[in-house]
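Count along the sequence shown starting at 1, add 93, and that's the number in my numbering.
A virtual CB, placed ideally from N, CA and C, is assigned to each residue, including glycine.
Contents: one structure, followed by commentary.
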Amino acid sequence: MFLVGNQQHTLDDKNRIRLPAKHREALGSNYILMPGMNGCIFVYPADEEQKLLRAIQDMDSFDPDCAEWIRSIAEFSATAEADSQGRFMIPQDLLAICGIKKDVRIVGAISKVEIWSEERYLERRNSQNHSPQAFDELYRNLHKAMNK
Numbered sequence: 094m095f096l097v098g099n100q101q102h103t104l105d106d107k108n109r110i111r112l113p114a115k116h117r118e119a120l121g122s123n124y125i126l127m128p129g130m131n132g133c134i135f136v137y138p139a140d141e142e143q144k145l146l147r148a149i150q151d152m153d154s155f156d157p158d159c160a161e162w163i164r165s166i167a168e169f170s171a172t173a174e175a176d177s178q179g180r181f182m183i184p185q186d187l188l189a190i191c192g193i194k195k196d197v198r199i200v201g202a203i204s205k206v207e208i209w210s211e212e213r214y215l216e217r218r219n220s221q222n223h224s225p226q227a228f229d230e231l232y233r234n235l236h237k238a239m240n241k
């Protein structure tokens, strides 16, 4: 699975959204929705459930900070199933903590999809360095990781 690209979308009146066809093809129709980093929603395919569960269970749940993180992730995460038209509902609590009201940006993030409020997406994107030199450095890091 290699999820890339970004598209603008709008939530409907029932807080439903449809992922782009190329992402639905890769992810299937059952999802795990989790609060993501920097105020986005992470969308994982449901078949990643065991992998996510193992990673969370490997964390030190007796460390107070870690225990609170686990509790918060569990409290605001949800499962979703796309209907026959490919739409699924995002819970209101998750929309609220991610600042999503109506307009969203759906971003492929290699192994998952991220759903951003359009405003947060533009803030993040505009604060990044997109110079050739910045991409050169990112590719050096990718090349090192690929050769491990």
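Taking one beta carbon from each stretch, the segment 188-195 and the segment 98-113 have 3 or more pairs nearer than 8 Å; the two touch. Close CB contacts of residue 111 within its chain, under the 6 Å cut and outside five residues either way in sequence, are with 179 and 180 (chain order).
Proximity of the segment 126-134 to the segment 158-172 meets the contact definition, three or more beta-carbon pairs being nearer than 8 Å. The secondary-structure analysis by DSSP pairs residue 196 across a beta bridge with 103.
Separation of the CB atoms of residue 134 and residue 208 is rounded to 4 Å, and the pair is thereby assigned contact status at 8 Å.
In the DSSP annotation of this structure, the continuous segment of the beta strand (DSSP E) that includes residue 110 starts and ends at 109-111. With a cutoff of 8 Å on beta-carbon distance, residue 188 and residue 123 are scored as not near each other. When the beta-carbon positions are compared, residue 149 and residue 163 come within less than 8 Å of each other.
Residue 225 and residue 154 have their C-alpha atoms roughly 42 Å apart. With respect to residue 114, residue 96 sits apart: the two C-beta atoms are not nearer than 8 Å.
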